[in-house]
Each structure stands twice: as structure tokens, then as C-alpha cells.
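Presented below is the structure to which this report refers.
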Amino acid sequence: MMNGEESGGSGCQDEGDEPQRLALFLIEEKGFSPADLETGLSIATEFNGEKVVSRIAMVAKVAGRRTMMLRYAPGSITTRERAAVAAARVLDSDYQIPLVVVTNGVEAVMLDTYKGKNLADSLAQLPTKSELEEEMANLAFLPLEGAKRQERERRILNAFDVDL
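End of the sequence shown sits at 150 in our numbering; the numbers just go up one at a time, nothing left out.
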């Protein structure tokens, strides 16, 4: 797994200027600062000779912790939800990122990384930075336990992103 590194291979998630639009939305509409947003992150996997680099549009930090991951997924976001959850579970080696957002730039869904539960159905429903600050005590930042579970999540990510 490679975090924050650019590599060749299939699995590109970022399309055009969509990540910049997402960042602008989070800054102007949701109260994040540019320093709160991490971009250029990726996860590299290789199974059965198939190398895939899954790109992460961005991660929003609150109180210095990666709190919300955003993945751009062209087309139907429903088919990309499971891969986004897998990415949020393995991107950070210290803990799972508790919230994950999948968007195609028009539609969006926010999920609880631990349960896969739908928490929001549009970009407008995403929490503001101040709302997340208030919720920090209620969010879990737990590591993904076990090498087998980590490998399983990486396999899921690899399988979903292989053709992107």
C-alpha cells in the first residue's frame, strides 16, 4: 500500500477538475480551510498480477485527524460505495477514517466506515467543519484489526477499481 504517492497503473479515480471543485465546495460551503484538506493520496494494491492505484480525491481533517474521505466516482455512485469504504479502512495505517463520501460531482452519499450505514444523501447534507468538530467525541478512530481483514479490504478495493 502506498499512501500519498502517485504511481502508474489502472484505477484512476480523479476526473478532470472535479477534485478542485470538491475542495472549493468544502471551503466555501462547509467551512474547511485549505490546510484541512489533503489531496494527491492513493492506495496501491496488487493481486494476481493486477496492479491498481486507487486515487483518493481528498481527505478532510478535523482537529488534526483524517475524519472524512472523499472519493470521486464517475457514473453510478451506488456501485462505488463498497470500494470507498474499503479505501477509508486502509488508507491510514493508524486508524480507519470514520466517514467516507462518494460523489460523481452531482450525486453524493456519505457512509459510516465502520457500519457502512448511509448518513447523508447529497453534497448539501455533508457536515460542516464546525459540526464535525462538535461530533469528534462521538467518532471512532479505530485501527483495522488483523492482517487478514486488511488484505480483504485491499482486495475489495483492487477488484472494484481495476477497470477505472
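For every residue, glycine included, the Cβ atom is placed at its ideal position computed from N, Cα and C.
None of the values given here were measured: they were computed from a predicted structure.
{"Query": "Pick helix, strand or coil for residue 28, following the three-state DSSP scheme.", "Result": "strand"}
{"Query": "Which first and last residues belong to the beta strand (DSSP E) in which residue 204 is found?", "Result": "Shown here, the chain extends from -13 to 150; a query on residue 204 therefore has no answer."}
{"Query": "The beta strand (DSSP E) with residue 147 in it runs from where to where?", "Result": "Counting along the chain, residue 147 falls outside any beta strand (DSSP E), though it belongs to the alpha helix (DSSP H) covering 133 to 147."}
{"Query": "Can you tell me the Cα-Cα spacing of residue 29 and residue 62, whole angstroms?", "Result": "22 Å"}
{"Query": "Which of the three DSSP states, helix, strand or coil, is assigned to residue 124?", "Result": "helix"}
{"Query": "Can you give, in chain order, each stretch of the beta strand (DSSP E) that sits fully within the stretch 66 to 121 and has at least 3 residues?", "Result": "85 to 89, 94 to 98, 104 to 106"}
{"Query": "Taking residue 90 as the reference, give the member of 58, 115, 106 with the closest Cα.", "Result": "58"}
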